[in-house]
Amino acid sequence: MTPPLSPRFGLGLRKPHYHDFLEGDVPVDFVEVISENFMVPGGRPRDVLRRVREKHPVALHGVSMSIGSADGIDRDYLLRLRALADEVEPMLVSDHLCWTRTGGFNSHDLLPLPYTEEALDVVCRNVEQAQDILRRTLVIENPSSYLAFTGAEMSEWEFIAALCQRTGCGLLLDVNNIHVSAVNHGFDAHAYIAGVPLDQVRQIHLAGHTQGRELLIDTHDQPVPDPVWALFGTVMRKLGTDVAVMIERDDNIPPLADLLDELDVARSIARNGSVAWA
Amino acid sequence: MGLIATRPNATGLGAMQADFCRWLAEADECAAERLPLADRRGLSVYQNNYRAQLMDCLEASYPQTLTLIGVDAFRSAAAHHVDAVPPHSWTLDEYAEGLPGTLAALFPDQPETADLARLELALSEAFVAPDAPALSLADIPDVAWDTATLRLVPSATFLTLSTNAADIWAALNREEAPPPADHGGDVRALILWRQDFTCCFQLMDAQETALLPRLATSLRFETMCEELVDALGADHGLALAGELLARWSQAGLLRHPDR
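If you read the sequences in order, they're chains P and E.
Letter by letter, the first sequence follows residues 1 to 278 of this note's numbering.
Letter by letter, the second sequence follows residues 279 to 537 of this note's numbering.
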């Protein structure tokens, strides 16, 4: 077993915790922000980000790049993101393996891709263009999904491995998303972990989900559940690179202390390489 | 014609994405049938997410309008808007821009509803407008006023209302019952801006209505003084120029001319 090299542990910056981060000394190694919330000309959002950045390294995590759009990428969006990144000097810039937009329509949802050679070509072309415009290596997050397409020519992990190999992009491994999609689509989460290029993993997301009527829904409104902690332990036992680990909570947001407790669990698992904490 | 534009000659991934969006925005069952899905159980999850996201955006953007007309009426109007107006921009902030127009069409006999929404929209735009150093009262003695120009801070915008929506907003902001709607036809000219991180608005008097829009580009202070002297005489004109400069500086309306 090769233990990870100095993993860092962080949290997503959410409005209910702004005061804690601005006025207090929050014991995290980095903070992740939703890029689009700060891609505004000025005012309080930019001031908050500037002040948080003075205290912590920041990761920019986007939801609107639409890297899987057959229409190509939105150059104006990327130029705005680059301007923000140039100011923030983030530790990394990430978005999702999905598409959100076609033509003039923007769904504002992370929509699933068919895992075909055609889609791989589209995503690789878009990632390469995005990296050129951003002048940075992009980090791509594996999605949670509720649909599977007929005619798939590869698994999601094979798609991601090919994407990383062809573009040099990094991987944001969302362990909850692996679990949600594995349950929804009936694949083996451990085969997924074995299939993705772990040496390309730059960041890990940990989150909770909700049981829907028929499917698991990636709601990020619950504590990290045991199956996700167990998968995280598996990942950390296999990882041989420096990685940034964070709890991603977007709804039903608890007091900061609760999230810091969860982060301590993540630290313990990373240290022990197992779920012995439980 | 549908809400989603058709890409000419779209095939494969492009055609699938166009059909997917028709399902999301229009609940087009034919488009959904064309999707090459191995398992259709999740289709409704995506449509629910799509609609919930837009509804949440509208509710969060117009809290006072929601309070004024009530949750049920607001959600009904928002659902109508989601059905009729698909989102185009990468930012959800822009999606909220269209709601005042929808409210004006849905509530023609209650124009204060759309007016209130326009006011809330303008305030939210001021909230994230570009930053710039403002002129304060304390800065005034250090400025060379014989050559200085007056210019509004970048967050300043103007709004004309045909109702007492500004009074309604103020009452709701104090968590008080709003005054009865006034459709009397008096035009209210407002200026809105951000002072530090607080958004503000005020009704403009006749003098400000004539002068402040000219400060959106720039106006030499000396020119303003000369015009007021010509109109009101030396004593009164110069006094008013000084009073306006002090009032606007105190409010944080003016950009510092030297920074």
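A virtual CB, placed ideally from N, CA and C, is assigned to each residue, including glycine.
Reduced DSSP category for P/N106 - H, G, I as helix; E, B as strand; rest coil: P/N106: strand per DSSP, three-state reduction.
Endpoints, the alpha helix (DSSP H) within which E/T391 is located: Element bounds for E/T391: P389 to F405.
8 Å Cβ cutoff, E/Y340 in contact with chain P: No, because no Cβ of chain P sits closer than 8 Å to the Cβ of E/Y340.
E/M333 versus E/Y373 - alpha carbon distance: The alpha-carbon atoms of E/M333 and E/Y373 are separated by roughly 10 Å.
Three-state secondary structure (DSSP) of P/C98: Under the three-state reduction of DSSP output, P/C98 falls in the coil class, being neither helix nor strand.
Terminal residues of the beta strand (DSSP E) in which E/D317 lies: Taken as a continuous stretch (DSSP letters only), the beta strand (DSSP E) holding E/D317 covers L315 to D317.
Sequence-distant residues of the same chain with beta carbon closer than 7 Å to P/N177, five excluded per side: Excluding positions up to five away in sequence, the list reads N142, P143, S144 and D218.
8 Å Cβ shell around P/L22 - same chain, five flanking residues per side excluded: Excluding sequence positions up to five before and after P/L22, its CB lies within less than 8 Å of the CB of V48, R51 and V52, all in the same chain and listed in chain order.
Cβ-Cβ separation, P/C169 to P/V139 (assumed contact under 8 Å), whole Å: Indeed they touch by this definition, with Cβ atoms about 7 Å apart.
Beta-carbon contacts of E/L344 that lie in its chain and below 8 Å, excluding the five residues immediately before and after: Cβ within range, chain order: E337 and F352.
Proximity test, Cβ basis, 8 Å: E/M333 and chain P: Not an interface residue.
Amino acids of chain P, ordered along the chain, whose beta-carbon sits closer than 8 Å to that of E/P408: The contacting residues are P41 and G42.
Buried versus exposed, by CB contacts within 10 Å (16 or more), E/G320: Label assigned to E/G320: buried.
Length of the line joining the Cα atoms of E/D464 and E/Q388: For E/D464 and E/Q388, the gap between their C-alpha atoms comes out near 15 Å.
Start and end residues, alpha helix (DSSP H) containing P/H19: P/H19 -> alpha helix (DSSP H) spans Y18 to E23.
Pick from P/T100, P/A70, P/D20 and P/L198 that is closest to P/S64, judged by C-alpha positions: Closest option to P/S64, Cα to Cα, is P/T100.
Interface residues of chain E facing P/G208 [CB-CB closer than 8 Å]: Ordered by position in chain E, no residue passes the 8 Å Cβ test against P/G208, which lies about 17 Å from the chain.
Cut-off 7 Å between Cβ atoms - residues of its own chain near P/H220, not counting five sequence neighbours on either side: For P/H220, where only same-chain residues beyond five positions count, the Cβ hits under 7 Å are A207, G208, E248, R249, D250 and D251.
The stretch 103-110 of chain P contacting the stretch 360-372 of chain E, beta-carbon criterion three pairs below 8 Å: The stretch 103-110 of chain P, when compared against the stretch 360-372 of chain E, does touch it at the 8 Å Cβ threshold.
Contacts of P/E118 in chain E (Cβ-Cβ under 7 Å): In chain order: G290 and L291.
E/T442 vs E/P432 beta-carbon contact at 8 Å: According to the sequence shown, residue 442 of chain E is Asn rather than Thr. Cβ atoms of E/N442 and E/P432: not closer than 8 Å.
Host alpha helix (DSSP H) of P/C164 (start-end): Here the alpha helix (DSSP H) through P/C164 covers E156 to T167.
The alpha helix (DSSP H) enclosing E/G380, as first and last residue numbers: Note on residue identity: the sequence assigns Thr, not Gly, to residue 380 of chain E. Where E/T380 is concerned, the enclosing alpha helix (DSSP H) stretches over L377 to L384.
Under 8 Å between C-beta atoms of P/L171 and P/R125: No Cβ-Cβ contact shorter than 8 Å links P/L171 with P/R125.
Helix, strand or coil at P/A152 [DSSP, three-state]: When DSSP states are grouped into helix, strand and coil, P/A152 belongs to the coil group.
DSSP three-state assignment for P/Q129, whether helix, strand or coil: In the three-state reduction of the DSSP assignment, P/Q129 falls in the helix class, which pools H, G and I.
Secondary structure of P/M1, DSSP reduced to three states: Note that P/M1 scores a pLDDT of 47, beneath 50, so its modelled location is shaky; the value from the coordinates is reported in the next line. Coil.
Proximity winner among P/F232, P/R82 and P/K238, relative to P/H205 (alpha-carbon distances): Looking at the Cα atoms, P/F232 is the closest of the given residues.
Beta-carbon contacts of E/D317 that lie in its chain and below 6 Å, excluding the five residues immediately before and after: Around E/D317: no qualifying Cβ.
Presumed contact (8 Å Cβ cut-off) between E/T369 and P/E87, rounded CB distance: By a beta-carbon distance limit of 8 Å, E/T369 does not contact P/E87. Their separation comes to about 18 Å.
Beta-carbon neighbours of E/P365, restricted to chain P and to distances below 8 Å: F105, N106, S107 and H108, listed in chain order.
Cutoff 8 Å: P/V122 Cβ touching any chain E Cβ: Judged by the 8 Å Cβ criterion, P/V122 is in contact with chain E.
Interface partners of P/Y77 on chain E, CB under 8 Å: Chain E residues near P/Y77: W368.
Chain P contact residues for E/E436, given Cβ-Cβ distances below 8 Å: As written in the sequence, residue 436 of chain E is Phe, which differs from the Glu given in the question. Those do not exist, as E/F436 stays about 18 Å from chain P at its closest Cβ, beyond 8 Å.
Distance CB(P/Y192)-CB(P/E153) smaller than 8 Å: Taking 8 Å as the Cβ cut-off, P/Y192 and P/E153 do not qualify as a contacting pair.
First and last residue of the uninterrupted beta strand (DSSP E) at E/T495: Looking at the DSSP string, E/T495 is not in any beta strand (DSSP E), and its letter there is neither H nor E.
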